[in-house]
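Residues in the sequence shown are numbered consecutively from 17, following my numbering.
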Amino acid sequence: METAIGVFVSRDRAEEAARELLTHDVPESSIVFLTRSENEAKTVAQELGAFVGGVAGGTVGMTAGVTAATLLVPGIGAVFALGFGAATLLGLVGAGTGAALGKAVTREAASAQLTSDEQCPDDVSFFREVLKAGRSLIVVRTDSHEIANTACGILDRLGLGMQGRIPTKMQTATRETNGVTIIEVSGRITLGEGNVMLREIVRELVENGKKRILLNLREVQYVDSAGVGELVKTYTTVRHQGGQLKLVDLSKRVQDLLKMTRLYTVFDIEKEEATAIESFGAPSTSQAVA
Numbered sequence: 017m018e019t020a021i022g023v024f025v026s027r028d029r030a031e032e033a034a035r036e037l038l039t040h041d042v043p044e045s046s047i048v049f050l051t052r053s054e055n056e057a058k059t060v061a062q063e064l065g066a067f068v069g070g071v072a073g074g075t076v077g078m079t080a081g082v083t084a085a086t087l088l089v090p091g092i093g094a095v096f097a098l099g100f101g102a103a104t105l106l107g108l109v110g111a112g113t114g115a116a117l118g119k120a121v122t123r124e125a126a127s128a129q130l131t132s133d134e135q136c137p138d139d140v141s142f143f144r145e146v147l148k149a150g151r152s153l154i155v156v157r158t159d160s161h162e163i164a165n166t167a168c169g170i171l172d173r174l175g176l177g178m179q180g181r182i183p184t185k186m187q188t189a190t191r192e193t194n195g196v197t198i199i200e201v202s203g204r205i206t207l208g209e210g211n212v213m214l215r216e217i218v219r220e221l222v223e224n225g226k227k228r229i230l231l232n233l234r235e236v237q238y239v240d241s242a243g244v245g246e247l248v249k250t251y252t253t254v255r256h257q258g259g260q261l262k263l264v265d266l267s268k269r270v271q272d273l274l275k276m277t278r279l280y281t282v283f284d285i286e287k288e289e290a291t292a293i294e295s296f297g298a299p300s301t302s303q304a305v306a
């Protein structure tokens, strides 16, 4: 499963991105749009032809099966969502589909509870933090590489992304210091190349009991929307497996991207490698043996 994440500060850009995704044959069932602005949600829904309060608008857009709903998210408040799976992305249970846009939030949605850490989707905390900052999100999840590639191109161009010439392909080097596995990453973390490589490296480390992982991103000069999605999944997957994953020595481009998207608030980031290694603490006996 590939995940591409687009972060938007402009309603016009979010609307254009959603429209382009649909017109380029990205299935509506793969798209979720999230915002804290009811007006933005209504505008996007009407433009795309989503059914809002039972009325369809526009000529190109989502079918009647796509949910346009209001969800109450603890710690955030009302979140307006278009698309399947919005409640799951936000870690809600008992929310159903919420209420139609423009109507009162249902009692069921108002009483929604957060799932436990074990049940919570990998990237829930990231979506919540971005929404808290007033950004809007488009999340595309698909098993198709072709569809993911199309979505990445659109989200990278219209969302908050890293501009400029794309550097050489991703390369990694792995070493271990004081029970901490350090992965030095260089080049680009992009769909079908860097994101898959990073996923496999971390998966193998965790399976072999290496759960204290440090990603050194000093030489990373480009991350696309799928790369952002992979960093999110990698970080939280390691945590859910009882491990720790930290980022260190970010290049300016990566640092700027995480600040723009507000993702720096949820990643565990250290400035220097020596300090980062110390922050893990002493390895346990089982880790030392592994």
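By construction, the Cβ of each residue, glycine as well, lies at the ideal position given by its N, Cα and C atoms.
Contact between the segment 151 to 166 and the segment 257 to 265: three or more CB pairs below 8 Å?
no
Distance check for residue 46 and residue 99, CA to CA, integer angstroms please.
8 Å
In chain order, which alpha helix (DSSP H) runs of at least 4 residues are fully inside the segment 19 to 62?
27 to 39
By how many angstroms is the C-alpha of residue 252 removed from the C-alpha of residue 284?
11 Å
Please confirm whether residue 204 and residue 186 have their CB atoms less than 8 Å apart.
yes
Just grab the DSSP bridge partners of residue 232 for me.
200 and 264
In the structure shown, what three-state DSSP assignment does residue 93 receive?
strand
Based on Cα-Cα distance, which residue from 27, 250, 220 and 276 lies nearest to residue 60?
27
Closest to residue 146 by CA distance: which of 52, 217, 249 and 265 is it?
52
Please determine if the segment 268 to 278 and the segment 228 to 246 are in contact, where contact requires at least 3 C-beta pairs separated by less than 8 Å.
yes
Start-to-end residues for the alpha helix (DSSP H) that takes in residue 282
Counting along the chain, residue 282 falls outside any alpha helix (DSSP H), and DSSP gives it neither H nor E.
Under the three-state reduction of DSSP, which class applies to residue 171: helix, strand or coil?
helix
Which same chain residues, not among the five before or five after residue 17, have their C-beta less than 8 Å away from its C-beta?
157, 158 and 159
With 16 other CB atoms within 10 Å as the buried threshold, where does residue 24 fall?
buried
Classification of residue 86 by the beta-carbon crowding that lies within 10 angstroms, buried from 16 upward:
buried
Should residue 194 go down as buried or exposed, given a rule of 16 or more other Cβ atoms within 10 Å for buried?
exposed
Beta strand (DSSP E) containing residue 160: first to last residue?
Element bounds for residue 160: n/a, residue is neither H nor E.
Nearest to residue 165 by alpha carbon, out of 208, 152 and 197?
208
Less than 8 Å between the C-beta atoms of residue 89 and residue 144, yes or no?
yes
In angstroms, rounded to a whole number, what distance separates the CA positions of residue 95 and residue 40?
27 Å
Assign residue 151 to one of three DSSP states: helix, strand, or coil.
coil
Reference residue 200, options 49, 289, 168 and 245, closest by Cα:
289
Mind checking residue 151: buried by the 16 CB within 10 Å criterion, or exposed?
buried
Sort out for me which residues DSSP pairs residue 205 with in a bridge.
239
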